[in-house]
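Colleague: One structure, as structure tokens, below. Some questions next.
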């Protein structure tokens, strides 16, 4: 199946700093990618839809100025957590639709963000 | 608002037995339903997709049923193995947007 990578896998930062997370589709193109957040023992929550060549679409309750999304190319989307605070500590996961089965999605391995 | 519930947080079974997981939903009419496997500290891995007009799907030792009247999906792992130990997530879909349940952690004892 298709492979989605994320970088970094783990990041620890100080409160108030910004952190950028990359999501890449390695062997296929993705005009759309999705960003999720998962707190311990909770379900994945969709944060936003990243669209190549246009603005991201954010889910209700997600601050677009805090979570900046840039879909720079057909294989790369980035999520920047600006002015991070401890409550932003979470597991961030991206996904991209597959090419063979309609509605199939491939998820990245996730990025564990810890804000001190 | 829509709600997705997976039967229990944890399921412990003996190797070789069948694990049955439940996913119930309310206030939603999904076009399809998916099941994923998630290992600790990893992203979900796609297992099966079943559409609203389908009753059952199989893939190797996995079987999924989808009852849109009951608003329920059952996920079966037959002849379970210790390597099947993981958290299993159900996800309801409309176009490409997915809404996930909290997951059921399955532990298969040797």
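Chains as they are written, first to last, in the working numbering: chain A, 1241 to 1356; chain B, 408 to 517. We treat Cβ as the ideally placed atom computed from N, Cα and C, and that holds for glycine. None of these values were measured; they are calculated from a predicted model.
Sort 466/B, 410/B and 439/B by Cα distance to residue 474/B and report the nearest one.
Modeller: 439/B
Colleague: Per DSSP, what are the beta-bridge partners of residue 1278/A in this structure?
Modeller: 1331/A
Colleague: What first and last residue would you give for the beta strand (DSSP E) that runs through residue 1250/A?
Modeller: 1250-1253
Colleague: Where does residue 1341/A land, buried or exposed, given buried means 16+ other C-beta within 10 angstroms?
Modeller: exposed
Colleague: Assuming contact is defined by CB atoms lying nearer than 9 Å, are residue 422/B and residue 513/B in contact in what I supplied?
Modeller: no
Colleague: Please report how far the alpha carbon of residue 1300/A lies from the alpha carbon of residue 432/B, in whole angstroms.
Modeller: Roughly 20 Å between the two C-alpha positions.
Colleague: From residue 410/B to residue 434/B, what does the alpha carbon distance come to, in whole angstroms?
Modeller: 7 Å
Colleague: One question on the structure: do residue 1343/A and residue 502/B come within less than 9 Å of each other, judged by their Cβ atoms?
Modeller: yes
Colleague: I'd like the list of long-range same chain contacts for residue 510/B, defined as Cβ closer than 7 Å, with 5 residues on each side in sequence excluded.
Modeller: Excluding positions up to five away in sequence, the list reads 413, 445, 494, 495 and 496.
Colleague: Are the C-beta atoms of residue 1317/A and some chain B residue less than 9 Å apart?
Modeller: no
Colleague: Compare the Cα-Cα distances from residue 427/B to each of 479/B, 451/B, 453/B and 460/B and report the closest residue.
Modeller: 479/B
Colleague: Is there a C-beta anywhere in chain A that falls below 9 Å from the one on residue 469/B?
Modeller: no
Colleague: If we ignore side chains and look at the alpha-carbon of each, how far apart do residue 1356/A and residue 1252/A end up?
Modeller: 7 Å
Colleague: Under the rule that 16 or more other beta-carbon atoms within 10 Å means buried, what is residue 476/B, buried or exposed?
Modeller: exposed
Colleague: Quick one, which of 1311/A, 1322/A, 1295/A and 1267/A has its alpha-carbon nearest residue 1244/A's?
Modeller: 1267/A
Colleague: Which residues in the same chain as residue 1329/A place their Cβ atom closer than 7 Å to its Cβ, once the five residues preceding and following it in sequence are excluded?
Modeller: 1353, 1354 and 1355
Colleague: Which same chain residues, not among the five before or five after residue 1284/A, have their C-beta less than 8 Å away from its C-beta?
Modeller: Hits under 8 Å: 1276, 1277, 1278 and 1333.
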